[in-house]
Structures are given as structure tokens and as C-alpha cells.
Amino acid sequence: MPQCTAKSKQTGERCQRPAISGRNVCYHHGGNTPVGRALPQTKTGRYSRHIPDRLIEQYEASANDEELLSLREEVQLIDARMIDMLKRVEGGDSEEIWKRLKAEFQTFEDAMKQNDQGAVTAALAEVRRLIKRGLGDYAAWNEVKALMEQRRRLVESERKRLLDMQQFITAEKALLLISSLTEVIKKHVKDRAALAAISTEFIRLTGSPNSGEPSE
482 MPQCTAKSKQ
492 TGERCQRPAI
502 SGRNVCYHHG
512 GNTPVGRALP
522 QTKTGRYSRH
532 IPDRLIEQYE
542 ASANDEELLS
552 LREEVQLIDA
562 RMIDMLKRVE
572 GGDSEEIWKR
582 LKAEFQTFED
592 AMKQNDQGAV
602 TAALAEVRRL
612 IKRGLGDYAA
622 WNEVKALMEQ
632 RRRLVESERK
642 RLLDMQQFIT
652 AEKALLLISS
662 LTEVIKKHVK
672 DRAALAAIST
682 EFIRLTGSPN
692 SGEPSE
């Protein structure tokens, strides 16, 4: 059986008593004392005092995580940008633009044959406008496509995080049940040796770390 690692204040020598199973100190030096989040003074949340120390960091990080809200805001920002880009796309599809462009180019060629400079200038201006419109629509649709893909990734990321959060809450409830069982045992079992053994088993099952080396 492992030896208690605590030292006596009076002699400065290491305690000769056996350590409590699963701990590094004996009963006299606090081997049966609650540790970590089980301490009565620990009041960091509704359930956090019942969660083992190895999980509390993840729990608190999830509870205080603002990234979910941030993701929603990013999705809303992308939606706003997509709406803005769609407003910039003029009515009509690319086929209609090409038909009009072909017609205006024919007008341009006819004006050139007739040597009508006014008609040539007007037709050329319309051709340029249609080309710019087509390029603008094409660029806008490309950006909308990229924004839609970015939005899909953000939504998927948030969905996964929400699923992970739900799984963690389920684990939390299980730990809370263990804590409740512990309280029931403490209430009805008066034998200190039995309580110490039960406490040791719960520590082993939940993976709570040792409390350290308290002194006399």
C-alpha cells in the first residue's frame, strides 16, 4: 500500500501512515476530504461543482463561449451582403443580354455601312453598356455563389458545435446524477470506512485528481 506523502509540521518527516486508495495522503492528512469541484466553497455554476476537474475547464469554456453568437452574426452579415449583391444584379438573364447585344451590334454594323456617325456612336455606347452589365452581373453572381458556400460552411460549423454542446450537456447530467447518488450515500451510510471506500471509488470513476499534500 502506498505511503502517505504528507509531512509533519512538528518533525518535518514524512508521514508513516498508508495513503487512502486512489489518493497520495492518509485519512489523517485529508485523504477522505472532498477535492476539486466537490469542495463546498466551489460555487462557479449551477452544475459545475459536481463536475470533475478534468472536465470543468471544457464546461466553463462552453458555458462562456461567445463563438456561437459570433457565428450567427457572421451568417447574418453574409445574408446582408448577398441581398446587397442581388439588388445590384439588373433584371433579365444572360440569354436576354446576349440577344440584345447581338441586336445592338447589328445596328452598329448597319450604321457603319450607312456612314451614320450619330447612329454608330449611339449603338457603340449601347454595346458597351450591355457588355459592362453582363460582366457586372457575372461578377455579382460569382460573389453570391462564393457567399452561399461560405454561409453553408458557417451554418454547418454551428450545427456541429450545437451537437457537441448537446452531447456535453448529456454528460453533465450524468455527472450530476453521480453527485446526487453521492449525497444520498453520505446521508444514509454512517460507517466512515465504508464512506471512505465509496468516495475512493467515485474518485476513480470520475477521474478527479489528488488534492495534494496537506500538512498537519
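Here the sequence shown stands for residues 482 to 697, numbered as in the working numbering.
Backbone N, C-alpha and C define an ideal beta-carbon position, used for all residues, glycine too.
message: Helix, strand or coil for R495? Go by DSSP, reduced to three states.
response: By one-based count along the sequence shown, residue 495 stands at place 14. Under the three-state reduction of DSSP output, R495 falls in the strand class.
- prompt: DSSP three-state call for K671: helix, strand or coil?
  reply: Translated into the one-based positions of the sequence shown, residue 671 becomes position 190. Residue state, collapsed to three classes: coil.
field: Inter-residue Cα distance where the pair is I423 and Q587
entry: Since the displayed the chain opens at 482 and closes at 697, residue 423 lies outside it and no answer follows.
task: Look at the alpha carbon of D560 and the alpha carbon of E682, and state the distance between them as a whole number of angstroms.
output: Along the sequence shown, one-based indexing puts residue 560 at 79. Along the sequence shown, one-based indexing puts residue 682 at 201. When only Cα atoms are considered, D560 and E682 end up about 53 Å apart.
- prompt: Would you call S680 buried or exposed, if buried means 16 or more other Cβ atoms sit within 10 Å of its Cβ?
  reply: On the sequence shown, residue 680 is found 199 positions in, with the first residue counted as 1. S680 is buried by the Cβ-count criterion.
field: CA nearest to the CA of V556, picked from R640, A677 and R685
entry: What you label residue 556 is simply residue 75 of the sequence shown in a count that begins at 1. Nearest C-alpha to V556: R640.
query: Within this structure, are the beta carbons of S638 and L552 separated by less than 8 Å?
result: Sequence index remark: in the sequence shown, residue 638 carries index 157 (1-based). Sequence index remark: in the sequence shown, residue 552 carries index 71 (1-based). Judged by their CB atoms, S638 and L552 are nearer to each other than the 8 Å cut-off.
task: Less than 8 Å between the CB atoms is what I'm expecting for V506 and T492, so what's the real figure, rounded?
output: Within the sequence shown, numbered from 1, the residue matching residue 506 stands at position 25. Within the sequence shown, numbered from 1, the residue matching residue 492 stands at position 11. Going by Cβ atoms, the distance from V506 to T492 rounds to 16 Å, so no, they are not a contact pair.
message: Output needed for G615: all residues of its chain with C-beta closer than 6 Å, excluding positions within five of it in sequence on either side, in chain order.
response: Here residue 615 corresponds to residue number 134 of the sequence shown, with the count starting at 1. The residues are I578.
- prompt: So, are the CB atoms of L611 and L643 less than 8 Å apart?
  reply: Counting from one through the sequence shown, the residue named residue 611 turns up at place 130. Counting from one through the sequence shown, the residue named residue 643 turns up at place 162. No, the Cβ-Cβ distance between L611 and L643 is not below 8 Å.
task: Report the partner residues of K488 according to the DSSP bridge assignment.
output: Indexing the sequence shown from 1 puts residue 488 at position 7. The beta-bridge partner set that DSSP reports for K488 consists of R495.
query: Where does V601 sit, in a helix, a strand or coil, going by DSSP?
result: Your numbering for residue 601 matches position 120 in the sequence shown. Helix.
query: V670 to L676, Cα distance in whole Å?
result: Counting from one through the sequence shown, the residue named residue 670 turns up at place 189. Counting from one through the sequence shown, the residue named residue 676 turns up at place 195. Pairing V670 with L676, the inter-Cα distance amounts to about 7 Å.
query: How long is the line joining the alpha carbons of V601 and K613, rounded to whole angstroms?
result: To locate residue 601, count along the sequence shown from 1; it is residue 120. To locate residue 613, count along the sequence shown from 1; it is residue 132. If you take the alpha carbons of V601 and K613, they lie about 18 Å apart.
message: Would A604 and A592 be called neighbours here (beta carbons separated by less than 8 Å)?
response: On the sequence shown, position 123 is the one that residue 604 refers to. On the sequence shown, position 111 is the one that residue 592 refers to. Result yes, Cβ atoms of A604 and A592 sit closer than 8 Å.
- prompt: Under a Cβ-count criterion, where at least 16 other Cβ atoms within 10 Å of its own Cβ denotes burial, should A500 be classed as buried or exposed?
  reply: As a working mapping, residue 500 is identified with position 19 in the sequence shown. A500 should be labelled buried.
query: What is the rounded straight-line gap between the Cα of I666 and the Cα of S502?
result: Looking up residue 666 in the sequence shown gives position 185. Looking up residue 502 in the sequence shown gives position 21. Roughly 19 Å separates the two Cα atoms.
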